[in-house]
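A short write-up of the structure that comes next.
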Amino acid sequence: METAYGTEADLKELVGKAHELGMKVLFDMVIHGFHKNSPVLQQRPELFVRKENGEMALHPTWRSVSTDWANPAYQQYMVDLVTHDLRNYNIDGYRVDAATYKGAGWDPTVTYPVYRSGSAAPELMEKMLQALRQTEPDAVLLSEVFGPVFYSVCNLVHDNQTEAVPVLLEKMDKGEYNAALYKTHMANVYDMLPTRSQPGVLCP
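Residue 38 in our numbering sits at position 40 of the sequence shown; the count goes up by one each step and never skips.
Structural data, given as structure tokens:
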């Protein structure tokens, strides 16, 4: 924990006060990688995606050291982490950041298809939510990524594709897009969702 922001006791007090005020507290969770200086790289090197030359791979966008979402050891690591945080800090769940596809791994020792190293985020998130709910049935998992797959493994999602906003506004200024077209697009997206994942319905 970064002590410049306070102690563990401070954090527990903050969560307790928020609950007294009727608020829920979610930790922000980055599952796609670790900082290059994290001690976990040396402690648990098996958790990370490998390039063709055997070196640890970097996330294509954020340049973090890329984790292997399909690796059972990494999935268990994350299950243990969320369970620890829930029990120790009494939080209400997580917001999961940037869980979209991030590229294949090239470790010849894995027993699953290499593409799953960068595409098994929904599987990982489903296990995380199940672990949370074993301790707290009302635990929340909020996914940054919007879409049918993520609706099926989370309580809530939000679309944080901020780069799309200026593109949309530019098209509207040119008369190439309008509210009616956007409404039709959203209706088509919702039609793709399974029944249990329709807006306003929490997943089991």
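All C-beta atoms in this analysis are idealised placements derived from N, C-alpha and C, irrespective of residue type, glycine included.
In this structure the stretch 127 to 134 does not lie against the stretch 104 to 111, because fewer than three pairs of beta carbons, one per stretch, are closer than 8 Å. Within its own chain, no residue has a Cβ closer than 7 Å to the Cβ of Q40 once the five positions on either side in sequence are excluded. Counting along the chain, Y110 sits inside no beta strand (DSSP E), nor does DSSP assign it H or E at all. Between the alpha carbons of P43 and N176 lies a gap of roughly 49 Å. Beta bridge pairing from DSSP links L154 with L140. Minimum Cα-Cα distance from G14 among the listed residues D189, N86, L56, N186 corresponds to N86. A residue is called buried once 16 or more other Cβ atoms fall within 10 Å of its Cβ, and T5, having fewer, is exposed.
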